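One structure below.
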Amino acid sequence: MKVTVAFGEMKIVVPCGSGDFSIKDLAAKAVYRMKHSLKFSSDFDKILVHSLSISRDGGILDWDDLVSDVLDDREQLVAQYSVESSLPGPTFSPPKFQPTPSLAPLIFELSRVQHPHTA
3 MKVTVAFGEM KIVVPCGSGD FSIKDLAAKA VYRMKHSLKF SSDFDKILVH
53 SLSISRDGGI LDWDDLVSDV LDDREQLVAQ YSVESSLPGP TFSPPKFQPT
103 PSLAPLIFEL SRVQHPHTA
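3 is the number of the first residue of the sequence shown in the numbering used here; add one for each residue after it.
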């Protein structure tokens, strides 16, 4: 199984195998692939993933749910995220969004993001 996670205009395909890992781990895999694809690890300090939602119906996913329990193969997801940087001057700005009050964001410090274990 695989899913596509959209970070604004950028879409990241994430292989999920049998999907026996959490939505939180899926977010980590997507951030790793985004970092690896763009090679911007020195440009930003943190990416905060506030939520992942299903594109077709807008359903917000719980971080603790298993991928195989809540997603179908080739599912399209949307990441609500923000970027925090300590660099002076203009930086990349993701689209504005309304935070989801019920979920705490996942914070990924890009200097520490490493390849997640595959499922």
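Ideal Cβ positions, reconstructed from N, Cα and C, are used throughout, including at glycine.
No experiment lies behind these values; they were computed from the predicted model shown.
Check, Outcome
"Residue from Met12, Arg76 and Cys18 with nearest C-alpha to glutamine 82", "Met12"
"Assigned secondary structure, serine 57 (DSSP; H/G/I helix, E/B strand, else coil)", "coil"
"Leucine 79: first and last residue of the uninterrupted alpha helix (DSSP H) it sits in", "No alpha helix (DSSP H) holds leucine 79; the beta strand (DSSP E) holding it covers 77-86."
"Nearest candidate by alpha-carbon position, reference lysine 31, set Asp22, Pro17 and Ile62", "Pro17"
"Contacting residues, own chain, Cβ-Cβ under 8 Å from serine 24 (five flanking each side not counted)", "Trp65, Asp66, Asp67, Leu68 and Val69"
"Any non-hydrogen atom of the ligand PLP within 7 Å of serine 20 CB", "Within the structure as shown, the ligand PLP is missing, as the structure has no ligands at all."
"Helix, strand or coil at leucine 73 according to DSSP, with G and I counted as helix", "coil"
"For leucine 111, the residue or residues it bridges with in DSSP", "For the sequence presented, residue 111 should be read as glutamate rather than leucine. Bridge partners of glutamate 111: Lys48."
"Continuous beta strand (DSSP E) stretch holding methionine 3: start and end", "From DSSP, methionine 3 is part of no beta strand (DSSP E); its letter is neither H nor E."
"When Glu86, Ser87, Pro107 and Val80 are compared against isoleucine 14, the one with the closest alpha-carbon", "Val80"
"Beta-carbon gap between proline 55 and leucine 63 smaller than 8 Å", "The question names proline, but residue 55 is serine in the sequence shown. Yes, these two residues count as a Cβ contact at 8 Å."
"Presumed contact (8 Å Cβ cut-off) between leucine 108 and valine 72, rounded CB distance", "Incorrect: roughly 16 Å between the Cβ atoms, too far for contact."
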